[in-house]
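Novice: Taking the UniProt record's numbering, the leading residue of the sequence shown gets 1, the next gets one more, and so forth.
Beta carbons: idealized from backbone N, C-alpha and C, even for Gly.
Keep in mind it's a predicted model, so treat the numbers as computed, not measured.
Structure below; questions to follow.
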Amino acid sequence: MVFTAFAGLLCFWLFVLPVIVVALSSVASHWSGTILPDGFSMRWFERFGSSDFDALVTSLEIGFGVAVLGTVLGVWLALALEGRDRRGLGALVDMVAMMPNGVPSVVLGLSVLIAYHKKPLDISGSAAIVVLVQLALVLPFCYRCAAAALRPELTVLREAAASLGAPPRMVLLRVVLPQLVPAIRASLALGFALSLGELGATLTVYPPGFATVPIVVVGQVNRGYYLPASALSLILLAVSLAALLLIAARVPRRRA
C-alpha cells in the first residue's frame with residue numbers, strides 16, 4: 001500500500017504537476033516568485049496570432065501525414081517480413097527499420113539534411129524534408145505495432161481463405177486488415193503523438209519560413225516569453241488530445 005501510494009505520488013509529481021503548471025501559466029497575468037499566479041487573464045489566448053495558427057495547422061498536417069505514411073509503411077513491412085528467417089535478409093531489413101531508434105534525433109536530422117540538400121534530390125527547401133526525417137523516427141514504432149499484431153492464428157486464417165479460392169487482394173482486405181485494426185489505430189495514434197512533439201531532428205532540417213508549434217514554443221522560451229509559450233502549448237495539447245480521441249474512437253459495426 002505504501003509503495004503504491006509513493007508510486008502514485010511520484011507519477012503525479014513527474015507527469016501531472018508540470019501540465020497543471022503549464023495550464024496555470026497560460027491563464028496567468030503575471031507569475032514570479034509565488035506559489036500561485038498573481039492574477040489570471042486570457043490575454044495570452046487573445047494574442048494568438050496568424051503565425052501561431054499557421055504553426056498549429058502545420059503541426060497537425062505534418063502529424064497526420066507522418067502518422068498515415070508510417071502506418072502504411074509499417075504494416076507493409078511487417079507483412080513482408082512475416083514468416084521470414086530473421087537470420088538473413090529479414091534480419092537485415094528488421095535492423096535497418098529499427099535503426100532510427102538507436103540514433104540521436106539531431107544526428108538523424110543532420111544525416112538527412114546532408115543527403116538531401118543537393119540536386120537531383122534537393123528537398124531541403126520544402127516541408128518534405130521534415131516529413132522524411134519524422135517518418136524515419138516514427139517508422140520503427142509503427143512497424144513494431146503491426147508486427148506484434150501478426151499472431152499465428154492470423155496466418156491460419158490467411159491460409160484457410162487462400163485454400164478456399166480467395167485471391168490475395170481479398171485475403172488482405174477481408175481477412176488480414178480487419179484483424180490489424182487495433183494495431184493500425186495504435187500506430188496512427190503513436191505516430192501522430194511522436195510527430196507533434198518532435199523537436200531535435202525538425203530543428204536541424206526545417207526550411208526558412210517553416211515552423212511547427214514546438215519550434216515556436218522553443219523560440220518564445222529562448223526570448224523569455226514563458227506565459228505565451230504556455231498558452232500555445234496548452235492549445236496544442238487540447239487539439240492533439242482531441243485528435244487522438246478521434247483516432248481511438250470505435251466505429252459502430254453495421255448490422256447485417
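Return the CA-CA distance between Val112 and Leu194, expressed in angstroms with no decimal places.
Specialist: Stepping through the sequence shown from its first residue, residue 112 is reached at position 112. Stepping through the sequence shown from its first residue, residue 194 is reached at position 194. Looking at the two C-alpha atoms, the distance is approximately 18 Å.
Novice: Determine the burial state of Ala256: buried for a count of at least 16 other Cβ atoms within 10 Å of its Cβ, exposed for fewer.
Specialist: Counting from 1 along the sequence shown, the entry for residue 256 is found at position 256. A caution first: Ala256 carries a pLDDT of 41, below 50, which makes its placement in the model unreliable, though a value can still be read off. So Ala256 counts as exposed.
Novice: For Leu139 versus Gly65, is the C-beta spacing smaller than 8 Å?
Specialist: Taking the first residue of the sequence shown as position 1, residue 139 is located at position 139. Taking the first residue of the sequence shown as position 1, residue 65 is located at position 65. No, these two residues do not count as a Cβ contact at 8 Å.
Novice: What do you reckon, are the CB atoms on residue 299 and Thr212 nearer than 8 Å?
Specialist: Any answer about residue 299 is impossible in this case: the structure gives the chain only from 1 up to 256.
Novice: Checking the sheet assignment: what are the DSSP bridge partners for Ala5?
Specialist: Locating residue 5 in the sequence shown gives position 5, where the first residue counts as 1. Its beta-bridge partners do not exist; DSSP assigns none.
Novice: Tell me the rounded alpha-carbon separation between Gly49 and Ala78.
Specialist: Here residue 49 corresponds to residue number 49 of the sequence shown, with the count starting at 1. Here residue 78 corresponds to residue number 78 of the sequence shown, with the count starting at 1. If I take the Cα positions, the gap works out to 43 Å.
Novice: Should Trp31 go down as buried or exposed, given a rule of 16 or more other Cβ atoms within 10 Å for buried?
Specialist: For this step, residue 31 is matched to residue 31 along the sequence shown. Buried, by the Cβ-count rule.
Novice: Could you round the C-beta distance between Pro100 and Leu108 to whole angstroms and report it? I think they count as a contact, below 8 Å.
Specialist: On the sequence shown, residue 100 is found 100 positions in, with the first residue counted as 1. On the sequence shown, residue 108 is found 108 positions in, with the first residue counted as 1. With a Cβ gap of about 6 Å, Pro100 and Leu108 count as contacting.
Novice: Return the CA-CA distance between Ala166 and Leu172, expressed in angstroms with no decimal places.
Specialist: Residue numbering aside, residue 166 sits at position 166 when the sequence shown is read from its first letter. Residue numbering aside, residue 172 sits at position 172 when the sequence shown is read from its first letter. C-alpha separation (whole angstroms): 10 Å.
Novice: Quick one: is Gly125 buried, meaning 16 or more other Cβ sit within 10 Å of its Cβ, or exposed?
Specialist: Along the sequence shown, one-based indexing puts residue 125 at 125. It counts as exposed.
Novice: According to DSSP, what are the bridge partners of Phe210?
Specialist: Against the sequence shown, residue 210 aligns to sequence position 210. Paired residues: none, contrary to the question.
Novice: Compute the Euclidean distance between the alpha carbons of Gly200 and Val133, then round it to the nearest angstrom.
Specialist: Counting from one through the sequence shown, the residue named residue 200 turns up at place 200. Counting from one through the sequence shown, the residue named residue 133 turns up at place 133. Those two C-alpha atoms are separated by around 10 Å.
Novice: For Pro252, collect the residues of the same chain with a Cβ closer than 7 Å to its Cβ; drop the 5 residues on either side in sequence, then sort them by chain order.
Specialist: Looking up residue 252 in the sequence shown gives position 252. Legend: pLDDT at Pro252 = 48, less than 50; position of this residue unreliable, no value from coordinates given.
Novice: Compute the beta-carbon to beta-carbon distance between Val130 and Tyr206, rounded to the nearest angstrom, for a pair I have assumed lies under 8 Å.
Specialist: Start at 1 with the first residue of the sequence shown, and residue 130 comes out as number 130. Start at 1 with the first residue of the sequence shown, and residue 206 comes out as number 206. For Val130 against Tyr206, the beta-carbon gap comes to about 6 Å, under 8 Å, which counts as contact.
Novice: Inspect the beta-carbon positions of Ala146 and Ala183 and report whether they are closer than 8 Å.
Specialist: Locating residue 146 in the sequence shown gives position 146, counting from the first residue. Locating residue 183 in the sequence shown gives position 183, counting from the first residue. Contact: yes.
Novice: Please determine, among Leu135, Ala115, Ala7, the residue with the shortest C-alpha to C-alpha distance to Met98.
Specialist: Working through the sequence shown from its first residue, we reach residue 98 at position 98. The option with the nearest alpha carbon to Met98 is Leu135.
Novice: Sort out for me which residues DSSP pairs His117 with in a bridge.
Specialist: Against the sequence shown, residue 117 aligns to sequence position 117. DSSP lists no partner for His117.
Novice: Within 7 Å: the Cβ of Ala162 and any heavy atom of the ligand MN?
Specialist: Ligands in the displayed structure: none, and consequently the ligand MN is not present.
Novice: Taking buried to mean at least 16 other C-beta atoms within 10 Å of its own C-beta, is Cys142 buried or exposed?
Specialist: Numbered from 1 along the sequence shown, position 142 holds the residue referred to as residue 142. The residue is buried, with at least 16 neighbouring Cβ atoms inside 10 Å.
Novice: Whose CA, out of Ala127, Ala67, Leu150, lies closest to the CA of Leu177?
Specialist: By one-based count along the sequence shown, residue 177 stands at place 177. For the residues Ala127, Ala67, Leu150, the minimum Cα distance to Leu177 belongs to Leu150.
Novice: Can you name the residues that DSSP bridges to Gly39?
Specialist: Translated into the one-based positions of the sequence shown, residue 39 becomes position 39. According to DSSP, Gly39 bridges with His30.
Novice: Which stretch, first to last residue, makes up the alpha helix (DSSP H) that contains Glu61?
Specialist: The residue you call residue 61 lines up with position 61 of the sequence shown. Looking at the DSSP string, the run of the alpha helix (DSSP H) that includes Glu61 is 50–81.
Novice: Determine whether the beta carbon atoms of Ile215 and Ala127 lie at a separation below 8 Å.
Specialist: Taking the sequence shown and counting its residues from 1, one reaches residue 215 at position 215. Taking the sequence shown and counting its residues from 1, one reaches residue 127 at position 127. Not a contact, by the Cβ cut-off of 8 Å.
Novice: Any idea what DSSP makes of Arg255, helix, strand or coil?
Specialist: Counting from one through the sequence shown, the residue named residue 255 turns up at place 255. Here the model assigns Arg255 a pLDDT of 45, short of 50, so the residue's position is not dependable and the matter cannot be decided.
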